[in-house]
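**Q**
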Amino acid sequence: MKQLEFKGKVALITGASRGIGRAIAIELAKNGATIAINYNSNIKAAKETQKLVNKTGVKSEIFKADVSKEKSVKTLIKQTEKKLGSIDLLITNAGIALLSKNPLKLDFNIWKKTMATNVDGTLLPIKEVLPGMIKRKYGRIVCISSIAGLGMRPNMITYGTSKASVIALVRNLSAAVAPHIRINSVAPGLIETDMIESLDKKVRKTMVETTPLKRIGQPKDIANTVCYLLSDRSNFTTGQTLVTDGGRVSLP
Ligand code: NAP
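Note that our numbering gives residue 212 to position 212 of the sequence shown, counting from 1, and the numbers run on in steps of one.
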């Protein structure tokens, strides 16, 4: 019988109600992990994720929490550990991409909301799970960043800065939490989720044509990279950002 890679491990995925977070939850469940599904407002979508997770036979719970709020995250971690046990695997995935019509306006409200969700929302769950992971001498963390955090995109100044912060947080934290805890980041390219539903058809076509692997990514593509970074197969890797974008970032 196949040995399930994450059997006996508890995984918390933030923003697991939809898109990439849902795919990560399902992939981890298929590999035996107990799943904590976090969402912010879409309970219907969170229940759909749970239905799909439960089909694999693992235990799961749904937790509502706003990752940008310290009190909310503290409660999320407490409730998860009370209902499911200590968190072994943390995936900070919840994020938003608010585009401004005029990027050079540098809209401060968009900036504050983006930083609160994408940066505070990455730091706060990590901060809450770390003491337990340090005590137990075990922890695997993966943070979802973006290729926007590596590039020079005039229409993604705020979003790109938030994701560059995630990449820097992972890099700097990795040495401090080693050797028992590993933390890495995955930088997705364009992935087929609600986040890109307003993408212009022409832009979409150009993106496919200019992507070496000739397609837009699927949430499962990112989930596979996340599973690799959480698993023992990446045991000598920490502090890194693994780009998963069909080959776009390496283009000149
Ligand atoms: P999505 O389909 O829009 O889903 C976003 C998820 O985040 C939802 O589950 C949402 O919960 C949750 N969320 C948003 N704000 C939250 C908050 N304050 N507290 C808790 N949960 C919150 O997005 P996605 O495409 O799957 O994106 C997932 C991650 O990948 C994000 O960090 C995004 O920046 C990154 N990413 C995406 C792409 C892409 O092309 N799709 C590319 C690069 C990076 P509700 O359902 O309750 O609203």
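Every residue gets a Cβ at the ideal spot worked out from N, C-alpha and C, and that includes glycine.
What is the residue span of the alpha helix (DSSP H) that K64 lies within?
**A** No alpha helix (DSSP H) holds K64; the beta strand (DSSP E) holding it covers S60 to K64.
**Q** Of all the alpha helix (DSSP H) runs that stay within the bounds of the stretch 41 to 106, which reach a length of 4 or more residues?
**A** Entirely contained in the stretch 41 to 106, the alpha helix (DSSP H) runs reaching 4 residues are, in chain order, 43 to 54 and 70 to 84.
**Q** Ligand 3 and M195: does any heavy atom of the ligand fall closer than 6 Å to the residue's C-beta?
**A** Because ligand 3 does not appear in the structure shown, any question about it cannot be addressed here, the ligands present being ligand 1.
**Q** Against chain D, does R248 count as a neighbour if the rule is that its beta carbon must be under 7 Å from one of theirs?
**A** No chain D is present in this structure, which holds just one protein chain.
**Q** With a cut-off of 8 Å on the beta carbons, I'd call E197 and I216 a contact; round off their distance for me.
**A** The Cβ separation is near 12 Å, so there is no contact.
**Q** Would you report the Cα separation of D245 and K163, rounded to the nearest angstrom?
**A** Distance between the alpha carbons of D245 and K163 is about 15 Å.
**Q** Let's see if you can read the secondary structure: which residues bound the beta strand (DSSP E) around P154?
**A** Careful: P154 lies outside any beta strand (DSSP E) and carries neither H nor E.
**Q** If you run the structure through DSSP and keep just helix, strand and coil, what is N235?
**A** It is coil, neither helix nor strand.
**Q** Based on Cα-Cα distance, which residue from V249, L104 and S174 lies nearest to I134?
**A** Answer by Cα proximity: S174.
**Q** Ignore the nearest five residues each way along the sequence and tell me which others in N184's own chain have a CB closer than 8 Å to its CB.
**A** Here the set comprises I141, V142, C143, V170, S174, L229, S234, T237, T238, G239, Q240, T241 and L242.
**Q** If you measure between the beta carbons of I301 and A46, is that distance less than 7 Å?
**A** As displayed, the chain neither begins before 1 nor continues past 252, which places residue 301 out of reach and without an answer.
**Q** Under three-state DSSP, which class holds N184?
**A** Residue state, collapsed to three classes: strand.
**Q** Should I43 go down as buried or exposed, given a rule of 16 or more other Cβ atoms within 10 Å for buried?
**A** The residue is exposed, with fewer than 16 neighbouring Cβ atoms inside 10 Å.
**Q** With respect to the alpha helix (DSSP H) encompassing A23, which residues constitute its N-terminal and C-terminal limits?
**A** Note, A23: alpha helix (DSSP H), G19 to K30.
**Q** When the distance is taken between beta carbons, is Y159 closer than 7 Å to A168?
**A** It is not a contact, given that the beta carbons lie outside the stated cut-off.
**Q** When we look at the beta-carbon of V249 and count the other beta-carbons within 10 Å, is it buried (16 or more) or exposed?
**A** Under this definition V249 is an exposed residue.
**Q** Is the stretch 107 to 116 touching the stretch 49 to 63 in the sense that three or more CB pairs, one from each, lie closer than 8 Å?
**A** Result no; under three Cβ-Cβ pairs closer than 8 Å.
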